[in-house]
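Colleague: Position 42, counted from 1, in the sequence shown is what my numbering calls 252; the numbers after and before it change by one each time, with no gaps. No residue lacks a Cβ here, since even glycine has one placed at the ideal position from N, Cα and C. Please read these numbers as outputs of a predicted model, since none were measured by experiment.
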Amino acid sequence: MKMSETRELQNRRAKARLTSATPAIFPMPVLIHALNRRWTPPMPRLAVDGYWRAHAIRADRLARALAARSKAPAGWIWRVGPEPGLPATFRDPPAPYREPQFSRGPGTCCVCGQPVYRFGWHRDLWDAGPNRRASWHTACVVAWRLWNAPSDHDRMLRRLQSRRCAQSGGRLWKTAEIDHRVPLFQVWSERRDTAWPALLDYWGLPNLQVINRDAHAAKCAEEARYRGRSRKAMVDAIATAG
Ligand SMILES: [Zn+2]
């Protein structure tokens, strides 16, 4: 049997399974996306996963919008460290609802703090209330991955910039790299008081860019000089104060 025939056969079976397992109410864009994929996902849950994976930008925007609905819990401040639920370093996105004392419990998303419904969806299309076994929106999983490993989305980010270097405007080379416009060390050292979730914009699309390696090296050198200067200014300030 040829590859195309194998696929056709498998897709026919998957489509039958998907159709029988999908409830009458289901997000239409997800279903359309599932049926147009090269390999049809056999379960609605997989269809939702595939949909968000293919729409990481939308997931990023949605996760930040949902977080804006929750706002930061009272008394929360951005901290890093080895305690459970805390980001290990300032490079990891701050997520108050992952910290045990601020968690909203089962059925709510640990990234954005909003209720999670059937299939990890963010709206209760089924009027069934939150899914108490879920603690992530499917969209928030994808956004979280993008925030933590933006280079995995290299192709998408290049496409968004029409394959032009965000720094020089020239053509992007194969070796181009993903960069945070405002470097994360600077967010931590100077913008730590930014309200959550506005802070998340520094991990999301608004702060991501693809730049050519030479432009990136120049930017990193400039950032290192800047860090050196602010360290020196601090040392001088302490010396003067002492
Ligand atoms: Zn969420």
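(1) At which residue ranges does the segment 342-413 contain complete alpha helix (DSSP H) runs of 4 or more residues, listed in the order of the chain?
(2) With DSSP collapsed to three states, give me the class of residue 186.
(3) What residues in its chain sit with their C-beta under 7 Å from that of residue 289, if we drop five residues either side in the sequence?
(4) Can you determine whether any heavy atom of ligand 1 sits closer than 7 Å to the C-beta of residue 290, and answer yes or no?
(5) Suppose contacts are defined by Cβ-Cβ distances below 8 Å. Is residue 323 in contact with residue 353 by that definition?
(6) Our contact map puts residue 418 next to residue 367 with C-beta atoms below 8 Å; I'd like the distance itself, whole angstroms only.
(7) Is it the case that the Cβ atoms of residue 382 and residue 373 are separated by a distance below 8 Å?
(8) DSSP on residue 450, reduced to helix/strand/coil?
(9) Give me, in chain order, the residues of the same chain whose beta-carbon lies closer than 7 Å to that of residue 363; leave out the 5 immediate sequence neighbours on both sides.
Modeller: Here's the rundown:
(1) Correct list: 348-358, 364-370 and 394-400.
(2) Past the edges of the chain, shown from 211 to 452, lies residue 186, and the structure says nothing about it.
(3) 296, listed in sequence order.
(4) Outside the cutoff, so no.
(5) No Cβ-Cβ contact shorter than 8 Å links residue 323 with residue 353.
(6) With a Cβ gap of about 6 Å, residue 418 and residue 367 count as contacting.
(7) Against a cut-off of 8 Å, the Cβ pair of residue 373 and residue 382 comes out as a contact.
(8) If DSSP states are grouped into helix, strand and coil, residue 450 belongs with the helices.
(9) Contacts found: 266 and 356.
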